[in-house]
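Structure first, then comments.
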Amino acid sequence: MTEQPTTPERRGPLAPNSTIGIVGGGQLGRMSAMAAARLGYRCHILTPEEDSCAGLVSAGVTLGAYEDPDALRAFAAKVDVITFEFENVSAEGLDLLASLKPVRPSPAILRISQDRVVEKSFLNGAGVPTAPWRAVDDFAGLEAAVGELGLPCILKTTRGGYDGKGQVMLRTVADLPAAFSDLAPQLLILEGFVDFACEISVLVARGVGGEISVFDVVENRHRDHILDVTLAPARIDPDLARQAQALARTVAERLDLVGLLAVEMFVTAKGQVVVNELAPRPHNSGHWTIDACPASQFEMHMRAVAGLALPAAVRHSDAVMKNLVGAEEVGLWPQVLGTPGLIGHLYGKTQARPGRKMGHVTRLFGRGALPGAFGVADALALFGPRFEDGSVEHGSVEHGSSGDVQSEDGSSAVED
Ligand code: AMP
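With the sequence shown counted from 1, adding 519 to any position gets you the numbering used here.
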């Protein structure tokens, strides 16, 4: 691709009935398109997948590969402004799009979020704390990095990992050779193990004029490396919550973000907040906002992309969100619909492969009334006994590894 981005600037808000282009056809694009429709916009999807869940609810689809210049040009010709719904789209492809139409967030932000080494360098440069880390070029470099950071630690691919894929926990030096051969020859990063009390995330939106809206901090619980449950708000010290929101705001400003950004963080056992990673798009941990906020993460994202004003990220209710993963959980859909208080969302996927996010459910509580562990278990009783003692699994890297960074759909997608 020879085109250099000139980033055409769009002044003023996008007129009603204009078309927002979304690169990617997953559920994040689907729920963005549904929010855009409510604001009077049409969406047009670029995806290689026929019957994509975003395409099913959009005005149009360009079927094609994210790296195919002809598909990219055909897509750009159909739309007024462009965004993306997952990080593993080709940055060069996005550069080509940016030479034709405004792309929000910018390809520069995508590039930072696509590479863990670039991302952590950026974060540390902005004064944002992360786990200690070292870039790893070869096995000798891995040994040296383990010597510096100590054990346990986590070896990750710098690019393409998602849902715990592309990373291996190292507990003893005996683990090094297998871990290295599992993940190499991809570029690698070694991270010190963060002894965390809980995982949290913050969604921040920033508009074209630099105005910022920050959602409340939420707490995330994983199962089999995949987000299982989000609690809104996070049950953490209010000072830590304010710190987390301030960090998200700093990151959005330093990135010169236009759009929505998810900042995944750990609260350490010692009560510090450190950032794990960035996702410049709507995020699974923000799905609760559809039902618990006047303007959801998807509406906030579409507003920012369209150059509209951003409302405050107000939460009218507390919420618990549970993903419906794989055939077993989506098989409970009739019971979800029959359970008073459960709000169901299905993504229109026809195949329920293991680990695939098929939909989610939300349960609302009055503000300040989010129950403790047993109440959450009770609220989600339909999903089985693992919630009964409130000990929803946390820490998803413990259970092993995979060098496979392909998505569930066979593309190199990130589906958070
Ligand atoms: P990631 O792909 O970086 O989001 O990692 C997936 C999951 O692995 C996180 O949600 C954490 O549960 C765990 N994890 C990742 N990095 C670390 C770390 N440096 N220390 C402890 N746990 C981690």
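For glycine and all other residues, C-beta sits at the position ideal for the given N, C-alpha and C.
Report the rounded CA-to-CA distance for L668 versus F712, giving the unit in angstroms.
Taking the first residue of the sequence shown as position 1, residue 668 is located at position 149. Taking the first residue of the sequence shown as position 1, residue 712 is located at position 193. For L668 and F712, the distance between alpha carbons rounds to 9 Å.
Does the ligand AMP have even one heavy atom less than 6 Å from the beta-carbon of A650?
Locating residue 650 in the sequence shown gives position 131, where the first residue counts as 1. Indeed, a heavy atom of the ligand AMP lies less than 6 Å from the Cβ.
Just the Cα atoms here: how many angstroms apart are E710 and A610?
Taking the first residue of the sequence shown as 1, we reach residue 710 at position 191. Taking the first residue of the sequence shown as 1, we reach residue 610 at position 91. For E710 and A610, the distance between alpha carbons rounds to 25 Å.
Is F658 a contact residue of the ligand SAM, with contact defined as CB to any heavy atom under 6 Å?
The ligand SAM is absent from the structure shown, which contains only the ligand AMP.
What do you get for N842, buried or exposed, if any count of 16 or more other CB atoms within 10 angstroms of its CB means buried?
Stepping through the sequence shown from its first residue, residue 842 is reached at position 323. That one is buried.
Within 6 Å: the Cβ of E848 and any heavy atom of the ligand AMP?
Along the sequence shown, one-based indexing puts residue 848 at 329. The answer is no for E848.
Backbone secondary structure at S700 - three-state DSSP
Start at 1 with the first residue of the sequence shown, and residue 700 comes out as number 181. Helix, per DSSP.
In its own chain, which residues sit with a C-beta less than 6 Å from the C-beta of A552, not counting the 5 before and 5 after it?
Position 33 of the sequence shown holds residue 552. C562, A573, V576, S577.
Supposed contact pair I731 and R773 - C-beta distance, whole angstroms, cut 8 Å:
Your numbering for residue 773 matches position 254 in the sequence shown. Your numbering for residue 731 matches position 212 in the sequence shown. The Cβ separation is near 12 Å, so there is no contact.
Find out if the Cβ-Cβ distance for the pair T858, W807 is shorter than 7 Å.
As a position in the sequence shown, residue 858 is number 339, starting the count at 1. As a position in the sequence shown, residue 807 is number 288, starting the count at 1. Not in contact: T858 and W807 (Cβ atoms no closer than 7 Å).
Less than 6 Å between C-beta atoms, sequence neighbours within five positions excluded: which residues of the same chain meet that for P830?
Along the sequence shown, read from residue 1 onward, the residue named residue 830 stands at position 311. Cβ within range, chain order: A814.
Taking 6 Å as the limit between beta carbons, can you name the residues of its chain near V542, skipping five residues before and five after?
Position 23 of the sequence shown, counted from the start, is the residue given in the question as residue 542. Contacts found: L565, F603, V608.
Just verifying my parser: in three-state terms, what is the DSSP assignment at T869?
Position 350 of the sequence shown holds residue 869. It is coil, neither helix nor strand.
Helix, strand or coil for Q854 per DSSP?
As a working mapping, residue 854 is identified with position 335 in the sequence shown. Three-state result, Q854: helix.
Might you give, ordered along the chain, the residues of its own chain that have their beta carbon closer than 7 Å to the beta carbon of A596, omitting 5 neighbours on each side?
Here the question's residue 596 lines up with position 77 in the sequence shown. Hits under 7 Å: none found.
Beta-carbon proximity check, D634 vs T677, cutoff 7 Å
As a working note, residue 634 is residue 115 in the sequence shown. As a working note, residue 677 is residue 158 in the sequence shown. Closer than 7 Å, so yes.
When the Cα atoms are used, what is the spatial distance from C717 to T787?
Position 198 of the sequence shown, counted from the first residue, corresponds to residue 717. Position 268 of the sequence shown, counted from the first residue, corresponds to residue 787. One C-alpha to the other measures close to 7 Å.
With three or more beta-carbon pairs closer than 8 Å as the criterion, would you say the region 831 to 838 touches the region 726 to 742?
yes
Mind listing, in chain order, the continuous alpha helix (DSSP H) runs of no fewer than 4 residues lying wholly within the region 590 to 675?
610 to 617, 626 to 633, 635 to 644, 658 to 668
Helix, strand or coil for H538, going by three-state DSSP, please let me know.
Within the sequence shown, residue 538 is the residue found at index 19, counting from 1. Here residue 538 turns out to be Thr, not His, going by the sequence shown. If DSSP states are grouped into helix, strand and coil, T538 belongs with the strands.
Opening and closing residue of the beta strand (DSSP E) in which S720 lies
Translated into the one-based positions of the sequence shown, residue 720 becomes position 201. Where S720 is concerned, the enclosing beta strand (DSSP E) stretches over 715 to 725.
A825 - containing alpha helix (DSSP H), residue span
The residue you call residue 825 lines up with position 306 of the sequence shown. Here the alpha helix (DSSP H) through A825 covers 816 to 825.
Along the alpha helix (DSSP H) that carries A555, what are the first and last residues, could you check?
Residue 555 sits at position 36 when you count from the first residue of the sequence shown. Looking at the DSSP string, the run of the alpha helix (DSSP H) that includes A555 is 546 to 557.
Do you know whose CA, among G845, P890, A693, lies nearest T869's CA?
As a first step, residue 869 must be located in the sequence shown, where it is residue number 350. Of the listed residues, the one whose Cα sits closest to T869 is G845.
Of all the options V600, P588, V782, L582, which has the alpha carbon lying nearest to the alpha carbon of A555?
Mapped onto the sequence shown, residue 555 falls at position 36. A555 has its Cα closest to that of V600, out of V600, P588, V782, L582.
From L722 to A753, what distance separates their C-alpha atoms?
Counting from 1 along the sequence shown, the entry for residue 722 is found at position 203. Counting from 1 along the sequence shown, the entry for residue 753 is found at position 234. In a straight line, the C-alpha of L722 is about 13 Å away from that of A753.
Using beta-carbon positions only, say whether V839 and A898 come within less than 7 Å of one another.
The sequence position of residue 839 within the sequence shown is 320, counting from 1. The sequence position of residue 898 within the sequence shown is 379, counting from 1. In contact: V839 and A898 (Cβ atoms closer than 7 Å).
Report whether the distance from the Cβ of V713 to the nearest heavy atom of the ligand AMP is below 6 Å.
Within the sequence shown, numbered from 1, the residue matching residue 713 stands at position 194. It does: the Cβ of V713 is within 6 Å (strictly closer) of some heavy atom of the ligand AMP.
Alpha carbon of W852 to alpha carbon of S640, nearest angstrom
Residue numbering aside, residue 852 sits at position 333 when the sequence shown is read from its first letter. Residue numbering aside, residue 640 sits at position 121 when the sequence shown is read from its first letter. Distance between the alpha carbons of W852 and S640 is about 43 Å.
Beta bridge counterpart(s) of S732 as assigned by DSSP
Start at 1 with the first residue of the sequence shown, and residue 732 comes out as number 213. S732 pairs with A724.
Between the Cα of L559 and the Cα atoms of P535, R549, G579, which residue gives the shortest distance?
The residue you call residue 559 lines up with position 40 of the sequence shown. Position check: residue 559 holds Gly in this sequence, whereas Leu was assumed. With distances taken between Cα atoms, G559 lies closest to P535.
So for P532, helix, strand or coil by DSSP?
Taking the first residue of the sequence shown as 1, we reach residue 532 at position 13. Three-state result, P532: coil.
Given P799, which residues of its chain have a CB within under 6 Å of its CB, disregarding the five upstream and five downstream residues?
Residue mapping note: residue 799 aligns to position 280 of the sequence shown, counting from 1. Contacts found: P624, I628, S632, L780.
Tell me which same chain residues have a C-beta within less than 7 Å of the C-beta of Q764, skipping the five on either side of it?
Taking the first residue of the sequence shown as position 1, residue 764 is located at position 245. Contacts found: V721, V733, V736.
Give the DSSP-derived three-state secondary structure of F712 in the structure shown.
The residue labelled residue 712 in the question sits at position 193 within the sequence shown. Of the three classes helix, strand and coil, the one that applies to F712 here is coil, per DSSP.
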